[in-house]
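Visitor:
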Amino acid sequence: MRTNAAPFSERRQHLLCGVTAVFALAASASASLPALHVAGSRLVDPQGRPVVLRGCNLGNWLLLEPWMLALNDGQLRDQHDIVRLLERRFGPERARELLDVYRASWFGAREFALIKSFGFNVVRLPFHYGLLTSADGAQVLKPAAFEWLDRGIALAEDAGMYVILDLHGAPGGQSGDMTTGQIGQNNLWTDQRCQARTIWLWREIARRYRDNSTVVAYDLLNEPWGDYQADMSGPLTAMNDRLIAAIREIDADKLIFVAGTLRGIQFYGPPEERGWHNVGITEHCYPGLHGNGTPTLETHRHYLEDVVPARCALLRTWDTPYLLGEFNVVHDFCAQAELMREYYDRFAECGWAATMWSARRIVPEGGISPGRWSLLANAEPFALPDLHTASDGQIEAAFRSLATQPVAVDEALRAALTQDASDAPAVFAQSVGTVSPAPAICPVDWQIVDVRAHSDTVAIPAGEAAATWSICGVGNDIWDHEDTFRFVYRDVAGDFRHTVWLTQFDASLYAKAGWMIRASTRPDAAHAFVHAFSDGRVLMAWRGADGGMTKERVLGTMGFPVGLGIERVGDRLVALYADAEADWHQVRFDGAISLPDAVHVGLAVNSRDDVAAACARFARLDNDAAPTVQCGPNCLTNGSFEDVADSAADQARGWSRWGDWINRETGWEPTRDGTCLIGYHHWQIPSADNSGMYQDVSGLMPGRCYEFRVYASRDVCRPGRHGAQDVELRLESFGPAGLLRCASRSYPVQDLASDGHWSRLSVSAIAPSGELRVLIIVNPSREEPRGAAVKFDAAVLAEMQDE
């Protein structure tokens, strides 16, 4: 049965009387929703039919996030700052009253009905521990501790939606982030009192809701990421052991979700093998945001077509439920509404629960903004009064108005999520001509090892040692004090020189592939590593001694194919790298690296993900000659910039431009191809606005992969001056909803070649339609005085072809 809501005090009844009609429960409350139970990796109803939970978060309700209230003055950084300001100005009791008015107004029956109209059947309810107990450390519930959780559960139940209870802010804080309620804490992992209070609190929550079928799951700790640097797998597993044991003393069966860390979920293994009954895994995914790649269709394609299937396969072997507790595409230029539908559908195919962030926020200008972080917003311009100066009456009136102000609904998203599956538009063109991995064939004397990685992907050297090798590997990183990656190697003693050509690398941006020399296969072993990122940048990295810290240095931007090599002569180690024209360079590794005479030498691949693999294709082992690049003819008009436009002598025919001082130049030397190039004059830029040029290309084949590449070179700045910030290559297309950003890559200008040398920049995407816009964008430095220039030559857009 549903737990009855705790009564209001007379004073608070009076304060809230103006909004009670908005969230009042029906006079005759409905029965609790049908109980769901865990059957392997899925939830099923009383008749045994699978139920896929699909919904959103009730963010900024029971834990405030200033950005969602449009409080962006920098002074109110978190809920703690807001509460302390109100307490300091009006006293603790009046501050509590004002916050109760806010809570009564932010979500009510109106909002829940609108949330339900998106086709949702669940809400994730984030809350702060201070809602239930005081901050003084005592294990004592407040007199009306469960009032707001009860009300949220009752409102969800009346709307026909289940509830996942999410402890968003734990005692002491599980990270230093604003989302815990207070920036800079992160004390849960070191303070035994905070841990004891968290365990006690979950026991009390379980006692309250164990028989409430509307509460379908407990989400133990939101984003338990510590200081964002340390590996949290050990502390988190230990904390989860204690929390689960405490809950199971009270509630034997309700589904519990334990969170992954920033390094993934593999460290858990199957929950049942840990003795965890009815326990699932939860993670958050924001591809294109928060350092997870650029906001483009290719980033989302990679996540949906590589990461999701890999996790789906893993979790099916574990036979455990999974919750995407937070996700959001956000950007309109990634086909937001249609792509969100794609995410929900892909998750549903795996049987996963999914709750986007979030239901409601304040938008100062009113309406659903292009950065679509919510289903609902204020329909008209609105701003809260200045909490530093407004009277308590003004603040109360503003909070109260949230219950009745006109609401804007993301109609495009609602339409996309509720339309029949047969009518849902395809976000991605069907790709053709993809390469299937060959059977695993490991040449004689070579070995394969996963260093601290947990992978059933295979290394697939195809053919003899001198032919093409494709190696797929997982692993979070080769960095810091420990590494996780796939290593295909052999033992070599004494001096040697080895090279290889990396011809293709399908991976997230900071995945790594290249030659490694390593003292052992221990995760903290000393090593030297010459590798490339998936954007063609080449780096050297090394750990001087076992257990030491990794260091790295950017060597340049080569594009693909890129030659990589490593040489050992006595105690001297040298990194080798080359561009597509086999122009080899040598750079000695800095400092001493403690390596034995006999070492492991081979090819290392890392995906920056502990489940989904990255695949690297290598060719011509110990052959310094560059392989032939397979690609179609150049689709660009005037890719060499030789022809002059009729309208302007300094503009290349077929190209349009914007901004300042990006011109066709015939007097600059050297060029890479022909007698002219495009020059960006950084010292002439009057503001921080970018400059660029673009060309629209039609007649392409949808579903085919196209690569746009151009050569770039930079001037070296004089002392005291600042060069441009970065060069971005972008591919865009146009869909029914407007502009789509297919792919984007940015290159720091300081990493580009200079002194007459050239870097090969590239970006690739599967064409959604028959037309692509190719763009070269230069972002200026914000520092004065500006100086130097960037040059561009020999641009190509071509269909990628299999070897």
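Just so you know, we're using this note's numbering here: the sequence shown kicks off at 535 and counts up by one.
Quick reminder that beta carbons are idealized off the backbone N, C-alpha and C, glycines included.
1) Grab the span of the beta strand (DSSP E) containing Met1050 for me, first residue to last.
2) Using 10 angstroms around the beta-carbon of Leu1331, count the other beta-carbons present and answer buried if the total reaches 16, otherwise exposed.
3) What does a CB cutoff of less than 8 Å around Gly694 pick up in its chain, not counting 5 residues either side in sequence?
4) For Ser1174, which option in Thr1209, Trp1192, Val1163, Ile1196 has the closest C-alpha, if you only look at C-alpha atoms?
5) From what residue to what residue does the beta strand (DSSP E) around Asn1327 run?
6) When burial is assigned at 16 or more other CB atoms within 10 Å of the CB, is Glu681 buried or exposed?
7) Applying the 10 Å Cβ sphere with the 16-neighbour rule, what's the burial state of Val1088?
8) Any idea what DSSP makes of Met773, helix, strand or coil?
9) Suppose the cutoff is 8 Å on Cβ atoms and the five residues either side in sequence are ignored; what does the same chain contact list for Ala560 look like?
10) Nearest to His1061 by CA position, among His836, Gly1082, Leu570, is which residue?
11) List the residues that DSSP assigns as beta-bridge partners of Cys1149.
12) Please report the distance separating the alpha-carbon of Met1235 from that of Ser1298.
13) What number of angstroms, rounded off, separates the C-alpha of Ala555 from the C-alpha of Arg894?
14) Between Arg658, Leu659, Val657, Leu683, which lies nearest to Thr667 when the distance is taken from Cα to Cα?
15) Exposed or buried, Ala629, counting other C-beta atoms within 10 Å across all chains shown (16 or more means buried)?
16) Around the C-beta of Tyr1355, are 16 or more other C-beta atoms found within 10 angstroms, so that it is buried, or is it exposed?
17) Distance check for Asn1010 and Arg797, CA to CA, integer angstroms please.
18) Within 10 angstroms of its Cβ, does Ala932 collect 16 or more other Cβ (buried), or is it exposed?
19) Please classify Trp480 as buried or exposed, where buried requires at least 16 other C-beta atoms within 10 Å of its C-beta.
20) Using DSSP with H/G/I as helix, E/B as strand and the rest coil, what is Cys846?
21) With three or more beta-carbon pairs closer than 8 Å as the criterion, would you say the region 1112-1120 touches the region 1129-1139?
22) Does Thr724 come out as helix, strand or coil in the three-state DSSP assignment?
23) Would Ala1059 pass as an interface residue toward chain C - the criterion being a Cβ-Cβ separation below 7 Å?
24) Got a sec? Which residues, its chain only, sit under 8 Å from Ile687 by beta carbon, not counting five neighbours each side?
25) Among Phe661, Val1121, Phe1039, Val978, which has the Cα closest to the Cα of Val1139?
26) Enumerate in chain order the residues of its own chain whose CB-to-CB distance from Asp1058 is below 7 Å, with the five nearest sequence positions on each side excluded.
27) Do you know how far the Cα of Leu620 is from the Cα of Arg611?
28) Give me, in chain order, the residues of the same chain whose beta-carbon lies closer than 7 Å to that of Leu597; leave out the 5 immediate sequence neighbours on both sides.
29) Starting from Ser1247, trace the beta strand (DSSP E) in both directions and tell me its first and last residue.
30) One question on the structure: do Val841 and Tyr1023 come within less than 7 Å of each other, judged by their Cβ atoms?
31) Any idea what DSSP makes of Leu1295, helix, strand or coil?
32) Under a Cβ-count criterion, where at least 16 other Cβ atoms within 10 Å of its own Cβ denotes burial, should Glu876 be classed as buried or exposed?
33) Is Ala1000 helix, strand or coil when you go by DSSP?
34) Tell me, please, which residues DSSP counts as bridged to Asp1230.
35) Kindly list the residues whose CB is nearer than 6 Å to the CB of Ser1303, restricted to its own chain and excluding five residues on each side of it in sequence; keep chain order.
36) Among residues of its own chain, excluding the 5 on either side of Thr816, which ones have a beta-carbon nearer than 8 Å to its beta-carbon?
Guide: On the basis of the supplied data:
1) By 1-based counting over the sequence shown, the position of residue 1050 is 516. 1046-1052 is the span of the beta strand (DSSP E), which, as asked, contains Met1050.
2) Here residue 1331 refers to the residue found at position 797 when the sequence shown is read from its first residue. It counts as buried.
3) Locating residue 694 in the sequence shown gives position 160, counting from the first residue. Cβ neighbours of Gly694 beyond the five flanking positions: Leu567, Lys650, Asn655.
4) Along the sequence shown, one-based indexing puts residue 1174 at 640. Answer by Cα proximity: Thr1209.
5) Taking the sequence shown and counting its residues from 1, one reaches residue 1327 at position 793. Correcting the residue type first, residue 1327 is Asp in the shown sequence and not Asn. Asp1327 -> beta strand (DSSP E) spans 1323-1333.
6) Residue mapping note: residue 681 aligns to position 147 of the sequence shown, counting from 1. Per the 10 Å Cβ criterion, buried.
7) Counted from its first residue, the sequence shown places residue 1088 at position 554. The residue is exposed, with fewer than 16 neighbouring Cβ atoms inside 10 Å.
8) What you label residue 773 is simply residue 239 of the sequence shown in a count that begins at 1. Three-state result, Met773: helix.
9) Start at 1 with the first residue of the sequence shown, and residue 560 comes out as number 26. The predicted model places Ala560 with a pLDDT of 29, which falls under 50 and marks its position as unreliable; any figure quoted below should be read in that light. For Ala560, where only same-chain residues beyond five positions count, the Cβ hits under 8 Å are Asp692.
10) Here the question's residue 1061 lines up with position 527 in the sequence shown. The residue with the shortest Cα to Cα distance from His1061 is Gly1082.
11) Looking up residue 1149 in the sequence shown gives position 615. In DSSP, Cys1149 forms a bridge with Cys1006, Asp1040.
12) The residue you call residue 1235 lines up with position 701 of the sequence shown. The residue you call residue 1298 lines up with position 764 of the sequence shown. Rounded to the nearest angstrom, the two C-alpha atoms are 14 Å apart.
13) Numbered from 1 along the sequence shown, position 21 holds the residue referred to as residue 555. Numbered from 1 along the sequence shown, position 360 holds the residue referred to as residue 894. Bear in mind that the predicted position of Ala555 carries a pLDDT of just 34, short of 50, making it too unreliable to give a figure here.
14) For the purposes of this step, residue 667 is taken as the residue at position 133 of the sequence shown. Measuring from the Cα of Thr667, the nearest candidate turns out to be Leu683.
15) Mapped onto the sequence shown, residue 629 falls at position 95. Label assigned to Ala629: buried.
16) Not covered by the structure: residue 1355. The range shown for the chain is 535 to 1337.
17) Mapped onto the sequence shown, residue 797 falls at position 263. Mapped onto the sequence shown, residue 1010 falls at position 476. Rounded to the nearest angstrom, the two C-alpha atoms are 6 Å apart.
18) The residue labelled residue 932 in the question sits at position 398 within the sequence shown. Per the 10 Å Cβ criterion, buried.
19) Because the chain is modelled from 535 through 1337, residue 480 falls outside the range shown and cannot be assessed.
20) Within the sequence shown, numbered from 1, the residue matching residue 846 stands at position 312. In this structure, Cys846 counts as helix in the three-state DSSP scheme.
21) no
22) Start at 1 with the first residue of the sequence shown, and residue 724 comes out as number 190. Note: Thr724 maps to coil in three-state DSSP.
23) Chain labels in this structure do not include chain C; a single protein chain is all it has.
24) Locating residue 687 in the sequence shown gives position 153, where the first residue counts as 1. Arg536, Thr537, Leu659, Val697, Tyr743, Asn746, Thr748, Val749.
25) Within the sequence shown, residue 1139 is the residue found at index 605, counting from 1. Of the candidates Phe661, Val1121, Phe1039, Val978, the one whose C-alpha sits nearest the C-alpha of Val1139 is Phe1039.
26) Counting from 1 along the sequence shown, the entry for residue 1058 is found at position 524. If we look at Asp1058 and ignore the five residues flanking it on each side, its Cβ neighbours are His1015, Glu1016, Asp1080, Gly1081.
27) In the sequence shown, the residue the question calls residue 611 occupies position 77. In the sequence shown, the residue the question calls residue 620 occupies position 86. Rounded to the nearest angstrom, the two C-alpha atoms are 14 Å apart.
28) As a working mapping, residue 597 is identified with position 63 in the sequence shown. Closer than 7 Å at Cβ, skipping near neighbours: Gln613, Pro660, Phe661, His662, His702, Gly703, Gly715.
29) Counting from 1 along the sequence shown, the entry for residue 1247 is found at position 713. It spans 1239-1248 - the beta strand (DSSP E) in which Ser1247 sits, taken as one unbroken run.
30) In the sequence shown, the residue the question calls residue 841 occupies position 307. In the sequence shown, the residue the question calls residue 1023 occupies position 489. Not a contact, by the Cβ cut-off of 7 Å.
31) Residue numbering aside, residue 1295 sits at position 761 when the sequence shown is read from its first letter. Three-state result, Leu1295: strand.
32) Indexing the sequence shown from 1 puts residue 876 at position 342. It counts as buried.
33) Reading the sequence shown from its first residue, position 466 is the one you call residue 1000. Its pLDDT being 48, under 50, Ala1000 is placed unreliably in this model, and the coordinates cannot settle the point.
34) Numbered from 1 along the sequence shown, position 696 holds the residue referred to as residue 1230. Its beta-bridge partners are Arg1307.
35) For the purposes of this step, residue 1303 is identified with residue 769 of the sequence shown, where counting begins at 1. Hits under 6 Å: Pro1236, Ser1267.
36) Your numbering for residue 816 matches position 282 in the sequence shown. Excluding residues within five positions, the ones whose Cβ falls inside 8 Å are Asp753, Phe791, Val792, Ala793, Gly794, Tyr856, Leu857, Leu858, Gly859.
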